[in-house]
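Peer 1:
There are 2 protein chains.
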Amino acid sequence: MTPAGPLLRQVNTQTLMQLIIHTGPVTRVELARRSGLSKQTVSEIVRQLQGADWVRETGRVRGGVGRSPVAYEFNPRSGFVIGVDLGGTKLRAAIGDLGGGLLHEIVESTDPLGGRHVIEQVCSVSRRLADLADASWDAVLCVAIGTPGVLNPQTGVMDFAVNIPSFGDLRVQDELTGRLGVPLLLDNDVNMAVLGEHWQGLGQDSSDFVFIAVGTGIGMGVVADDEIRRGCNGAAGEICYLPIGADPLDRANQVKGAFEEAAAGAGLVRRYVEAGGREVGVPEIFAAAADGDAAAQLVLDDEGRLIGQAICAVAGVLDPELVVLGGGIGSRTELLEPVRNWLGRFMLQPPEVHTSALGHRAPLVGSMAVALRTAHQDLFGATALTPLVLPTPPSGTADAADGDVAAPNPGGTR
Amino acid sequence: MTPAGPLLRQVNTQTLMQLIIHTGPVTRVELARRSGLSKQTVSEIVRQLQGADWVRETGRVRGGVGRSPVAYEFNPRSGFVIGVDLGGTKLRAAIGDLGGGLLHEIVESTDPLGGRHVIEQVCSVSRRLADLADASWDAVLCVAIGTPGVLNPQTGVMDFAVNIPSFGDLRVQDELTGRLGVPLLLDNDVNMAVLGEHWQGLGQDSSDFVFIAVGTGIGMGVVADDEIRRGCNGAAGEICYLPIGADPLDRANQVKGAFEEAAAGAGLVRRYVEAGGREVGVPEIFAAAADGDAAAQLVLDDEGRLIGQAICAVAGVLDPELVVLGGGIGSRTELLEPVRNWLGRFMLQPPEVHTSALGHRAPLVGSMAVALRTAHQDLFGATALTPLVLPTPPSGTADAADGDVAAPNPGGTR
DNA sequence: TCTGTTCGTCAACTTGCCGAACGAATGGAG
DNA sequence: CTCCATTCGTTCGGCAAGTTGACGAACAGA
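Line by line, the protein sequences are chains G and Z.
Going by numbering that gives the first Met the number 0, the letters in the first sequence line up with residues 0 to 413, in that order.
Going by numbering that gives the first Met the number 0, the letters in the second sequence line up with residues 0 to 413, in that order.
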């Protein structure tokens, strides 16, 4: 089943591939030093990789004494990935190469007809991106899509995809996979956003941090130990249900969640009206506060208190290094100071709080990160080949009777 | 650096070892089928393992047609691990074999002198356990200790180890490692408890669940994706600081935490007094409630409300499959119904809530699990040998300007 | 006792990697 | 301009590990 030769060679090939990717242009001798392999083995494998176009020469390294070595680097155009941020109004998509470089980006309005029309739109945009990048469709290795809603990990259906008409009914995963013919990943847009910040934003140096999006709704993405955490139903980070702000016992507040009821867009407007303001949109409230409107300022400070309280709850559970605020309301820098202020009054040692570095592009960047990572895993990852079972502790007391053993399993499972 | 031969053989040896451990008694042919290796290779490696006493024959499998094969099983006595639950008043310790079997257990009072005396006590108990199990000290592969307090991941010092006099000042990790001469793991007792439940208690089938201990203090252990989560400062699960019950803005409530101030032992007693009860201990309150004391019943129902609110907050952040209640107060079954009742009023789809299956032995069992797992990792794990770097996406800069269609990045990153 | 079947081991062959030695390129010294 | 130390890259013989194939050994049932 697993001939020995191929396996070892595969491991070594992947090792070298990893080194070439992460070390940038590198000579064969350097590879031999770092991998511990011998020069000849390295040469042979590199030759293969170059033949398969995974790797390309990048010139010679001159300057030292002795013969100039040839340097090799990863050929980023050996594959492409596509990331999509599918919102209720806008569809953002981008194509990038396997080196992590972003090549082209398309932004357009989401098809208001919803349902299959949106699926069709995603396909169309994807193929246009591939054309823009002058890439054959076969070279597209992975597509990742972030969209509002909770992904049901079992069925692959996005529940609560309220922003797009009749989108929740479709088996989006299957539909799109079938139509694109490419591995497809679907996830919550907040999860994508947190991964975006982890890859290229504020969370680059943090292995434990959260992204809190406050806008029309409220959501949170959690990165713990450098991985996204989804919880058992994919509902981790659904802090809209936190018992904060509104009465958590009122059933009316449990549909969208007490915290969301109070702190999200509608709640903010309602509190502004209650404080004596006119019934306007969220941006107008911020503008009014900037103009010195006392009611608006009070409401925004209160918003800071609510968010601070939520962060306090999150920090008590997760102990993140950093909290990134995003979304239509959360990304307003005016909120930063009240949030920090209130948080400091709730906690003795609060986590750092910052406004998203990527802004509305966070979910898109995150989708790219997911697609890229998946492609790399599939191509060069350790997943497929390790024959090792996870080393979990043996379960319970060995209840095997001593002495002769019962008959072996007849079917010869496998 | 890494000779090829040994590496491949090591991988295969570990593969077979894993199979033998997890499959129980198993014949060589079966091993060959499952591992994909040939019969000869399996024979050779099994011979070696048997010579090194890692594996032993366990009789022949009779009943089938043809020659009876010899079955092999993991020799659990090839190594031993020790788990310790070091509390403020009691010290529980146990020794088990590498098969997960618990062999002997010792419970005694913690040395009230604290500090080095306790360290000495741990050493003494450990060696006595090894003697009881008739194991040479060299065969003890790992010791894990759970104790109250927050482990500082950097220094290895237990901060806030308030229950044991002058214990927080010591570099316990280093002291004990030096004195025992064995790999030693130190962690929070609540973390140990959650791992105990994960191994042999209620959380066996859950990859995402939490253990909430309510007693003198309040703490929570978090298992997400089958791993314990500590957060960036090891303070994950410190739900004592949740803004629940007491005024979270009062600095006096921030030392121990608002939630702990309200819901832990002292808070429970205080609320009972405020409700008209006498100043008694926690067990007396439970007894009074059972006797029909209205004030006590009210206070306990209120305790259920507080805990329910905390679970609501935790569930909103982590989405656990299960919440296990433990600790002096939390493990009282009388609380289960009020907690569930209130939780159902807070949330539409609350997680399951149960009382700890292991009770006060949870931290001890968890320590055993940690020690066992560490020993297995060290012996048969994949950690030491994989030459693969983690396949993270390469960090390319792609700061494309916004716009309907962004220009391709000009610099040709990297 | 015979026979079909399965287990376990011995031999011959293949793969992959390494050490050592050798030709090739390069920059500097004379 | 030539020579040379130095480093790069390749070729050759050898070793370690695994696989296929064949054969003796044990066992159940006829």
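For each residue, glycine too, the CB sits at the ideal point set by N, CA and C.
Because the structure is a prediction, the values reported are computed rather than measured.
Give the single residue among 110/G, 285/G, 125/G, 360/G whose Cα lies nearest to the Cα of residue 419/G.
Peer 2: Not covered by the structure: residue 419/G. The range shown for chain G is 0 to 413.
Peer 1: So is residue 207/G in contact with chain Z if we call contact Cβ pairs under 8 angstroms?
Peer 2: For residue 207/G, the answer is yes, since a Cβ of chain Z falls inside 8 angstroms of its Cβ.
Peer 1: Between residue 324/Z and residue 352/Z, what straight-line distance do the alpha-carbon atoms span, to the nearest angstrom?
Peer 2: Taking the straight line from one Cα to the other gives about 7 angstroms.
Peer 1: In the segment 303-332 of chain Z, which residues sit with their C-beta less than 7 angstroms from some C-beta in chain G, listed in chain order?
Peer 2: Answer in chain order: 308, 311, 312, 313, 315, 316, 317, 318, 319, 320.
Peer 1: Tell me, please, whether the segment 225-233 of chain G touches the segment 243-253 of chain G by the rule of three or more beta-carbon pairs shorter than 8 angstroms.
Peer 2: No, because fewer than three Cβ pairs between the segment 225-233 of chain G and the segment 243-253 of chain G fall closer than 8 angstroms, the two stretches do not touch.
Peer 1: Cβ of residue 266/G less than 8 angstroms from any chain Z Cβ?
Peer 2: Chain Z, which has no Cβ nearer than 8 angstroms to the Cβ of residue 266/G, makes this no.
Peer 1: Since residue 148/Z contacts residue 189/Z with CB under 8 angstroms, what's their CB separation in whole angstroms?
Peer 2: With a Cβ gap of about 10 angstroms, residue 148/Z and residue 189/Z do not count as contacting.
Peer 1: Of all the beta strand (DSSP E) runs that stay within the bounds of the segment 196-250 of chain Z, which reach a length of 3 or more residues?
Peer 2: With a minimum length of 3 residues, the continuous beta strand (DSSP E) runs that stay inside the segment 196-250 of chain Z are 208-213, 217-223.
Peer 1: So who's on the other strand from residue 255/G, going by DSSP bridges?
Peer 2: BP columns for residue 255/G are empty, so no partner.
Peer 1: Check whether the Cβ atoms of residue 234/Z and residue 204/G lie closer than 8 angstroms to each other.
Peer 2: Not in contact: residue 234/Z and residue 204/G (Cβ atoms no closer than 8 angstroms).
Peer 1: So with CB distances below 7 angstroms, who are the chain Z contacts of residue 242/G?
Peer 2: Within 7 angstroms Cβ-Cβ: 308, 311, 312, 345.
Peer 1: In terms of residues, what are the limits of the alpha helix (DSSP H) holding residue 264/Z?
Peer 2: It spans 264-273 - the alpha helix (DSSP H) in which residue 264/Z sits, taken as one unbroken run.
Peer 1: Out of 379/Z, 378/Z, 363/Z, which one is the CA nearest neighbour of residue 83/Z?
Peer 2: Answer by Cα proximity: 363/Z.
Peer 1: Just verifying my parser: in three-state terms, what is the DSSP assignment at residue 298/G?
Peer 2: Residue 298/G: helix per DSSP, three-state reduction.
Peer 1: Return the bridge partner residues of residue 144/G from the DSSP annotation.
Peer 2: Partner(s): 83/G, 185/G.
Peer 1: Check whether the segment 180-198 of chain Z touches the segment 343-362 of chain Z, taking contact to mean three or more Cβ pairs, one atom from each stretch, closer than 8 angstroms.
Peer 2: Yes: the two stretches touch, three or more of their Cβ pairs being nearer than 8 angstroms.
Peer 1: Out of 112/G, 258/G, 302/G, point me to the one whose CA is closest to residue 274/G's CA.
Peer 2: Checked all of 112/G, 258/G, 302/G; the closest Cα to residue 274/G is 302/G.
Peer 1: Identify which residue in 16/Z, 101/Z, 70/Z, 172/Z has its Cα closest to the Cα of residue 367/Z.
Peer 2: The shortest Cα separation from residue 367/Z among 16/Z, 101/Z, 70/Z, 172/Z belongs to 101/Z.
Peer 1: Can you list, in chain order, the residues of its chain with a C-beta nearer than 7 angstroms to that of residue 67/G? Leave out the 5 residues immediately preceding and following it.
Peer 2: Correct list, in chain order: 59, 60, 61.
Peer 1: Does DSSP put residue 278/G in a helix, in a strand, or in coil?
Peer 2: In this structure, residue 278/G counts as coil in the three-state DSSP scheme.
Peer 1: If you reduce the DSSP assignment to three classes, tell me which class residue 102/G lands in.
Peer 2: Here residue 102/G sits in strand by DSSP.
Peer 1: So, does the CB of residue 232/Z fall closer than 8 angstroms to a CB anywhere in chain G?
Peer 2: Chain G, which has a Cβ nearer than 8 angstroms to the Cβ of residue 232/Z, makes this yes.
Peer 1: Determine, using beta carbons only, whether residue 236/Z comes closer than 8 angstroms to chain G.
Peer 2: With 8 angstroms as the cut-off, residue 236/Z counts as an interface residue toward chain G.
Peer 1: Take residue 369/Z as the anchor and find which of 121/Z, 226/Z, 143/Z, 89/Z has the nearest alpha-carbon.
Peer 2: Residue 369/Z has its Cα closest to that of 143/Z, out of 121/Z, 226/Z, 143/Z, 89/Z.
Peer 1: Inspect the CB distances between the segment 342-349 of chain G and the segment 263-278 of chain Z and report whether three or more fall short of 8 angstroms.
Peer 2: With the cut-off at 8 angstroms, the segment 342-349 of chain G and the segment 263-278 of chain Z do not touch.
Peer 1: Give me the chain Z residues within the contact set of residue 246/G, using Cβ-Cβ distance strictly less than 7 angstroms, ordered along the chain.
Peer 2: Residues of chain Z passing the Cβ test: none, with the nearest at roughly 10 angstroms.
Peer 1: DSSP on residue 420/Z, reduced to helix/strand/coil?
Peer 2: Any property of residue 420/Z remains undetermined from this structure, which presents chain Z solely from 0 to 413.
Peer 1: For residue 9/Z, decide whether its Cβ has a neighbour in chain G, counting only Cβ atoms nearer than 8 angstroms.
Peer 2: No, residue 9/Z lies away from the interface with chain G (no Cβ there is under 8 angstroms from its Cβ).
Peer 1: Going by beta carbon distance, what residues of the same chain come within less than 7 angstroms of residue 307/G, once the five residues before and after it are set aside?
Peer 2: If we look at residue 307/G and ignore the five residues flanking it on each side, its Cβ neighbours are 338, 341, 342, 345.
Peer 1: Does any residue of chain G bring its CB to less than 8 angstroms from the CB of residue 39/Z?
Peer 2: It does not; no Cβ of chain G falls within 8 angstroms.
Peer 1: Measure from the C-beta of residue 253/Z to each C-beta in chain G and report whether the shortest distance is under 8 angstroms.
Peer 2: Output row for residue 253/Z: interface = yes.
Peer 1: Can you name the residues that DSSP bridges to residue 94/G?
Peer 2: DSSP, once it has assigned bridges, lists 81/G, 103/G as partnering residue 94/G.
Peer 1: Suppose you measure from the CA of residue 27/G to the CA of residue 9/Z; what does that come to, to the nearest Å?
Peer 2: Answer to the nearest angstrom: the Cα atoms are 27 angstroms apart.
Peer 1: CB residue 171/Z to CB residue 105/Z, shorter than 8 angstroms?
Peer 2: Cβ distance not < 8 angstroms, so residue 171/Z and residue 105/Z don't count as in contact.
Peer 1: Measuring only the C-alpha atoms, how far is residue 93/G from residue 130/G?
Peer 2: Rounded to the nearest angstrom, the two C-alpha atoms are 12 angstroms apart.
Peer 1: In its own chain, which residues sit with a C-beta less than 8 angstroms from the C-beta of residue 391/Z, not counting the 5 before and 5 after it?
Peer 2: Reliability of the predicted coordinates at residue 391/Z is poor, the pLDDT of 31 falling under 50, and the value obtained from them is presented with this limitation in mind. Once the five neighbours on either side are set aside, residue 391/Z has no close Cβ partner at all.
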